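Novice:
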Amino acid sequence: MSIMIWTYGFYLVLCLAVTIWVAQTLSSHAPIFVARNESEPDQLARSLTQLITVGFYLVNIGIISLTLKYGQAAIDAVEALELLSTKVGAILVVLGFVHFVILAKLFNIRQRLNPPRGTTTPGQLDQAIRKDAGQAY
Amino acid sequence: MILGCYVFYLLVGICVIVTVGQILHHNGRVFIIDCLDGNEKASDAVNHLLLAAYYLLNIALVVLNLSSRQPVDSFLSAVELCSAKIGIVLLTLGLMHFFNMLVLGTIKLRRCQAQSTK
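First to last, the protein sequences are chains A and B.
Start counting the first sequence at 5; every next residue gets the next number (my numbering).
Start counting the second sequence at 4; every next residue gets the next number (my numbering).
1) With a threshold of 7 Å on Cβ separation, who are the neighbours of A/Asn-118 within its own chain once the five nearest residues in sequence on each side are excluded?
2) How about A/Ile-95: is its C-beta nearer than 8 Å to some C-beta of chain B?
3) Under 7 Å Cβ to Cβ from B/Leu-64, same chain only, skipping five residues before and after it: list those, please.
4) Compute the beta-carbon to beta-carbon distance between B/Val-28 and B/Leu-54, rounded to the nearest angstrom, for a pair I have assumed lies under 8 Å.
5) Report yes if the CB atom of A/Ala-34 is closer than 8 Å to the CB atom of A/Ile-56, and no otherwise.
6) Between A/Thr-53 and the rest of its own chain, which residues show a CB-CB distance below 6 Å, the 5 nearest in sequence each way excluded?
7) Mind listing which residues of the stretch 39 to 66 of chain A have their C-beta closer than 7 Å to chain B's C-betas, in chain order?
8) What's the C-alpha gap between B/Phe-11 and A/Leu-70?
9) Hey, could you find the ends of the alpha helix (DSSP H) A/Lys-73 is sitting in?
10) In whole angstroms, give me the CA-to-CA distance for B/Gln-25 and B/Leu-79.
11) Could you tell me which of B/Gly-108, B/Leu-6, B/Val-23 sits nearest to A/Gly-59, measuring between CA atoms?
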């Protein structure tokens, strides 16, 4: 009986840690992505990001706790590890899917808020690639 | 044991509803203003109406979902019961939240399209 409690505990801790990490990534990078002004996110971008982050937390923590009890009960450590890996893996797939859907929606929102002004020139792209290579090495 | 589950579930449910409601009320204001093209009074009105509807619907959902015929005889099954119920509440909240945002976004899109064809 206690091994299932450990399994549930590890499952919750791991899944919550990954959810919080993804949500922090979303909330720190999304405002500048949808902002009308390139250097500083405006109030709409910040509010939009907050709303999306809250929805993200709700849906994911909901799915994590809803699927807690499913899965064959483990008797020893080996079965517990197998159960844990299956459950955490499924949650990571779901998290990734939700993240991609949100990313697609953010692209749409960005297109709507920032209509394309013109393509980047080849010179700009070269400069960006050289800067990135210089930083990497 | 099951009374403890019920109390824990109600506490968590109502805390989440109130917290999320305040966040939505505060952040949704800008979003609705953008959707209604800068009309602040109308946006505040819609925001308040949405908050009232939100509280009604969600507290109703939490309270209706409370009772369970499942026998709870150990700490493990209590944990499973609580997590299943809290999970349903959170997932429903999240899906309704995204649905609301989608509807508001569609309203904004229609208004933008109507503006551009005038």
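From the three backbone atoms N, C-alpha and C, an ideal C-beta is built for every residue, glycine too.
All values reported here derive from a predicted model rather than from experimental measurement.
Specialist: So, from the data block:
1) Arg-40
2) no
3) Val-92, Thr-95
4) As written in the sequence, residue 28 of chain B is His, which differs from the Val given in the question. Sure, about 5 Å apart at Cβ, within 8 Å.
5) yes
6) Ser-31, Ala-34, Pro-35
7) Gln-47, Leu-48, Ser-51, Leu-52, Gln-54, Leu-55, Val-58, Gly-59, Leu-62, Val-63, Ile-65, Gly-66
8) 16 Å
9) Per DSSP, A/Lys-73 belongs to no alpha helix (DSSP H) and is neither H nor E.
10) 33 Å
11) B/Val-23
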